[in-house]
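Chemist: Submitted below is the structure of interest, expressed as structure tokens.
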Amino acid sequence: MKYLVFSITLIINVALFYVLGTREILPLPLGSFLNIQEGIWQNAEPVAQDFNENLKLKGIKGAVNVYLDDRLVPHIFSENETDAYFVQGYLHAKNRLWQMEFQTHAAAGRISEIVGEKAITFDRNQRRIGMVYAAENALAAMESDPETKSSLDAYTAGINAYINTVQKSKLPVEYKLLGYVPEQWSNFKSALFTKQMTNTLAGYDRDFEMTTALKLLGEENFQMLYGQLPDSLYPVIPNGTVYNKPLAELLPPETADSLYFKRKDSVTISEDFKPNPENGSNNWAVSGSRTQSGKPILANDPHLGLTLPSIWYEVQIHTPNYNAYGVSFPGLPGVVIGFNDSISFGFTNAGRDVKDYYEIQFKDQQKQQYLFNNQWVSTQRRIEIIKIKNAQSFMDTVAYTVFGPVTYDQSFKNSLAENKAYALKWVAHDSSNILKMWLLLNRARNLSDYVEAIRYFNAPGQNMIFASKSGDIAIQQQATFPLRWKDQGLFVMPGFDSSYMWKGYIPLEDNPRSFNPIEGYVSSANQRPADSTYPYFIPGSYEVYRAITINRRLSSMYGVTVDDMKSLQNDNYNVFAEMARPILLNYVNRAELDNDQKRFVSLIENWNLKNDPDEMAVVCFENWWDSLQTTVFKDELANGQHSLMYPEKFVLLEALRRDTSYKFIDNINTPQREDLNTQVTYALKKASMQLRSLQSEGKLKWSKYKNTTVYHLLKNNALSFARSGLLNGGGKGIVNATQHDHGPSWRMIVEMTTPTNAYGIYPGGQSGNPGSIFYDNFINDWTNGLYFKLFIMDPVDVKAGKFKWKMSINPA
Amino acid sequence: MIKYLAATIISGLLYFALGLFLPWWCSFIAGLLVGILLYQSYLASFLTTFIGVCLISCGYIFTVSVLNDHILANRIALLVLKQDSPALLIAVSGLISAFTAGTAAITGRSFMLFFKK
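Residue numbers (this note's numbering), protein chains in the order written: chain A, 863 to 1674; chain B, 663 to 779.
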């Protein structure tokens, strides 16, 4: 009996140990995961947590005090900058360690190490677009500058001071979910972070799609569908500005007609991991001549994927040299969007195309030589080793050409012919020290300091806005942008001929800029920076409509207050619908409509054109217009043999406003000729099926339909860490650019009075811990369009004890 | 009765103390030690250990979770158990330790019988 009992219970013990201790049977090792002393319960932070701390850390030179306010925003008081960056690194790690490491792993193509084989294609793509190569170049530039290097070294040391002292049981819950532990941080990871950001903001291109579209549609149709200059363009630099003539006019190579514009074969690449083209922003600065206080006001709201933990971490850095406040990137030292005691600064994305593909002819499958200027030129081969969780590493050979890495070849896209490949030329690969710009901006005192600081920034192209207490306002579109002949880089270029290479870069002094304009304000909203008289060819992915609303409102505002700026950032007016609604209403055949359809039309007719959360007309309008777009273009663009990308939204609207017998209205698959009335009516009938079902599900209200969601970085794998069902208004093309999971990731308004009067909010919280009350505590106020008054702490406040917790950090 | 109560308390305290130094499988060690050192029937070994470890685990976790307003428990329960039930997550967490400790106690108890003449 005793043997039997012993054997049975021993077997049960061993089985339990195995089942509960590994991920082989259950998806999680529940034994450790739910354990009281090492599992997730250690991440359940008490709501009344005491954040007071006395720390002694190796690597810090002097004493630093961090005062935390009631929103957990740290106010770092340090006697020198390097110690401030050390502490910023420590705080980033303490609050956002998993996010920082995950994002830089993603940048480096190392996600397979964490999640296994399913991420191999993603990782290969990251390596093949040269993310690691780009980060290496950036690191070399950053470390060759003594100030940047010492700042980065201190920041890295601060992060590692946390990693080396944190108990394993206190590691972020995501490490416990995924089953790994953090590695040491390095300056290289910060360089990777800058490239991740560059890819997010300057990694979108349509070269392959455009090449196919041109070949299949012909030049005339192509220009009608994919032209880049909307009639309603309101550029960053106002229409009519006179620009310097370039030194020489650039002409296409003599062979361009046959080899470039009218290539014989088609290109069949589909890119899998494109960044969201909606990554954009609004910013504006109003001069004192238009404000109630007589001092400039600057506003900025960057539109990015909405994530938890947030991309931003709020911080104040106070040193004898400067006092900067704003949001920082966990992964980089300094303040990224913010202000100091003299100036304020912010950014919107330029959206310019700085990424081109060249078709490469390899000599053979070894990829060791390629044809270039009638010679076989050697490639440099880089072996990328992709480690995979629970599997053998994957080795990927990436050939580097005179342009850059060969992203697509037969080994990655097996639809490609044996020796055919596509190499990537991308500004992101260039060596540059963009961190220097932020270190200089953080302590800039005036317009000339701003001009000097932004020269260091090469990518991703940004509209850099500025305002100072001395009364200046400015905006400049800054980066190094390729110098191109007309239409160069819209399509895949021949890679065997050096005459198709970029002709250098547009001189920095020719970048569009506006300093203290007579209008009394500057602004940008991802639109084309300049009108057609700008003397350079500047393709890109541009927004049209937000800029119109912003300029309309700013131009009519006087005696501007912070509240006016809050109202503008939260403006839900739909200027696209204002232009498009008459077309729908004037051309629909009402006699053909049933009662439901008539009701949808009536909702749109009586709509105040605002994308407010409870508005039902928005949903009807959006679905009807999308349906019209499909009705008009599907026959030409998706006909069973090919599927071309749809034109930008402005194309159809402006075409119909110009000409109601627009050639694409007719359905080429039917014998009769359809007119606009037929198609508008048909589009509504089609859309009404969807609208009826939305109505029955109670999702006809805009906020219910849109379902604004702030996802966790693990997206659908951690839905309970997300916040969904948020009742936000706004949308695409609206100043309040809140879409389903994308939108204003930080709203900031800074009035340059003394003391500075600043407001801000982001959809998240300072802690990256889903078990903390500070994880998502800003989201409700963000949804409601509210702001926090930013507490710019000074030594008097310290003495008065105006803080909630204090961390004293001293050298070990 | 007092004997059983003492065994229950000893089990819980031993489990908690070992957890300060050892990983999650300290519940097996605690159970084995209780089975070996405290002479009880199989059933009593299992029950006293199970109850002792369960009470201390669930009690501790419940306290932690209440102080946290169940913020994390809600999120993890949805993620792992697909149910919005912090109570269930607390119970599962406690039962895992308790059951592993209880079965280990029977193993320890039967192991000791090898040395009994």
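Ideal Cβ placement from N, Cα and C applies to all residues, glycine included.
Pull out every residue of the segment 867-895 of chain A whose Cβ sits closer than 9 Å to any Cβ of chain E, in chain order.
Modeler: No chain E is present in this structure, whose protein chains are A and B.
Chemist: Let me make sure I understand the geometry here. Which of B:Leu775, B:Cys716 and B:Trp687 has the alpha-carbon closest to that of Ile672 (chain B)?
Modeler: Closest option to Ile672 (chain B), Cα to Cα, is B:Cys716.
Chemist: Could you give the first and the last residue of the continuous beta strand (DSSP E) run that contains Tyr1175 (chain A)?
Modeler: Tyr1175 to His1180
Chemist: Would the beta-carbon of Asp1603 (chain A) fall within 7 Å of that of Thr1645 (chain A)?
Modeler: no
Chemist: Please report the Cβ distance between Tyr1024 (chain A) and Ala955 (chain A), rounded to the nearest whole angstrom; I am assuming they are in contact, meaning their Cβ atoms lie under 8 Å.
Modeler: Between the beta-carbon of Tyr1024 (chain A) and that of Ala955 (chain A) there is about 4 Å, and that keeps the pair under the 8 Å contact cut.
Chemist: Express the C-alpha separation of Tyr1096 (chain A) and Val1463 (chain A) in angstroms, rounding to a whole number.
Modeler: If you take the alpha carbons of Val1463 (chain A) and Tyr1096 (chain A), they lie about 30 Å apart.
Chemist: Hey, Lys918 (chain A) and Ala1674 (chain A): beta-carbon distance below 7 Å or not?
Modeler: yes
Chemist: Ends of the beta strand (DSSP E) at His1165 (chain A)?
Modeler: Ile1159 to Gly1167
Chemist: Would you mind reading off the limits of the beta strand (DSSP E) that contains Arg990 (chain A)?
Modeler: It is not in any beta strand (DSSP E) - Arg990 (chain A) instead sits in the alpha helix (DSSP H) that spans Ile982 to Arg990.
Chemist: What whole-angstrom Cβ distance do Leu1518 (chain A) and Leu1538 (chain A) have, given they're in contact under 8 Å?
Modeler: 7 Å
Chemist: What alpha helix (DSSP H) runs, 4 residues minimum, are completely inside the segment 872-941 of chain A?
Modeler: 892-895
Chemist: Would you say Trp1667 (chain A) faces chain B, with C-beta separation under 7 Å as the test?
Modeler: no
Chemist: Reducing DSSP to helix, strand and coil, say where Arg771 (chain B) ends up.
Modeler: helix
Chemist: Relative to the C-alpha of Asp1425 (chain A), which residue among A:Gly1622, A:Ala1392 and A:Trp1667 is closest?
Modeler: A:Gly1622
Chemist: Go to Gly806 (chain A), then tell me how far its beta strand (DSSP E) extends in each direction, as first and last residue.
Modeler: Outside the shown range of chain A (863 to 1674) lies residue 806 (chain A), about which nothing can therefore be said.
Chemist: At the level of alpha carbons, what is the spacing between Ser1558 (chain A) and Lys1547 (chain A)?
Modeler: About 17 Å.
Chemist: Does the distance from the C-beta atom of Gly1627 (chain A) to that of Gln961 (chain A) stay below 7 Å?
Modeler: no
Chemist: Strictly below 7 Å CB to CB, what residues from chain A border Phe712 (chain B)?
Modeler: The contacting residues do not exist; Phe712 (chain B) stays about 13 Å from chain A at best.
Chemist: At the 7 Å Cβ level, is Pro1632 (chain A) part of the contact set with chain B, yes or no?
Modeler: Against chain B, the CB of Pro1632 (chain A) has a partner CB under 7 Å away; the residue lies at that interface.
Chemist: To the nearest angstrom, how far is it from the Cα of Thr966 (chain A) to the Cα of Leu1054 (chain A)?
Modeler: 6 Å
Chemist: Could you check how far apart the C-beta atoms of Asp985 (chain A) and Ile1248 (chain A) are, in whole angstroms? I think they sit under 8 Å.
Modeler: 5 Å
Chemist: Who are the near neighbours of Ser974 (chain A) in its chain, counting only those whose CB is closer than 6 Å to its CB and skipping five residues on each side?
Modeler: Here Ser974 (chain A) has Ala981, Ile982, Asp985, Ile1248 and Ile1250 as same chain residues with Cβ atoms under 6 Å from its own Cβ, once five neighbours each way along the sequence are excluded.
Chemist: Between A:Trp1288, A:Ser1310, A:Asn1451 and A:Ser1330, which lies nearest to Tyr1321 (chain A) when the distance is taken from Cα to Cα?
Modeler: With the sequence shown as reference, residue 1321 (chain A) is identified as Ala, and Tyr is not the correct amino acid for it. Out of A:Trp1288, A:Ser1310, A:Asn1451 and A:Ser1330, A:Trp1288 has the C-alpha closest to the C-alpha of Ala1321 (chain A).
Chemist: Let me check one thing: in DSSP terms, what residues is Trp1238 (chain A) bridge-paired to?
Modeler: A:Leu1233
Chemist: State the Cα-Cα distance for the pair Arg1452 (chain A) and Ile1445 (chain A), rounded to the nearest angstrom.
Modeler: Rounded to the nearest angstrom, the two C-alpha atoms are 13 Å apart.
Chemist: Who are the near neighbours of Thr1395 (chain A) in its chain, counting only those whose CB is closer than 7 Å to its CB and skipping five residues on each side?
Modeler: Tyr1105
Chemist: Please report the straight-line C-alpha distance between Met1614 (chain A) and Leu1416 (chain A), rounded to a whole angstrom.
Modeler: 18 Å
Chemist: Using 8 Å for Cβ pairs, my map puts Ala1285 (chain A) next to Tyr1220 (chain A). What's the rounded Cβ distance?
Modeler: 5 Å
Chemist: Relative to the C-alpha of Gly1658 (chain A), which residue among A:Asp1488, A:Asp1215 and A:Phe939 is closest?
Modeler: Per the sequence presented here, residue 1658 (chain A) reads as Val, with Gly not at that position. Nearest C-alpha to Val1658 (chain A): A:Phe939.
Chemist: Do Asn1304 (chain A) and Ala1186 (chain A) count as a contact pair if the criterion is CB distance below 7 Å?
Modeler: yes
Chemist: For Gln1324 (chain A), does the count of other Cβ atoms within 10 angstroms reach 16, so buried, or fall short, so exposed?
Modeler: Buried is the call here.
Chemist: So the beta strand (DSSP E) Val1189 (chain A) belongs to, where does it begin and stop?
Modeler: Asn1185 to Ser1190
Chemist: Give a yes or no on whether 7 Å exceeds the smallest Cβ distance from Ser747 (chain B) to chain A.
Modeler: Using a Cβ-Cβ cut-off of 7 Å, Ser747 (chain B) does not count as an interface residue toward chain A, since no Cβ of chain A sits closer than that to its own.
Chemist: Under 9 Å, CB to CB, which of the residues in the segment 1332-1366 of chain A have a partner in chain B?
Modeler: The segment 1332-1366 of chain A vs chain B, Cβ under 9 Å: nothing.
Chemist: Span of the beta strand (DSSP E) holding Trp1644 (chain A)?
Modeler: In the DSSP annotation of this structure, Trp1644 (chain A) is not part of any beta strand (DSSP E); the continuous alpha helix (DSSP H) holding it starts and ends at Ile1641 to Thr1645.
Chemist: How long is the line joining the alpha carbons of Tyr952 (chain A) and Ile1380 (chain A), rounded to whole angstroms?
Modeler: In a straight line, the C-alpha of Tyr952 (chain A) is about 45 Å away from that of Ile1380 (chain A).
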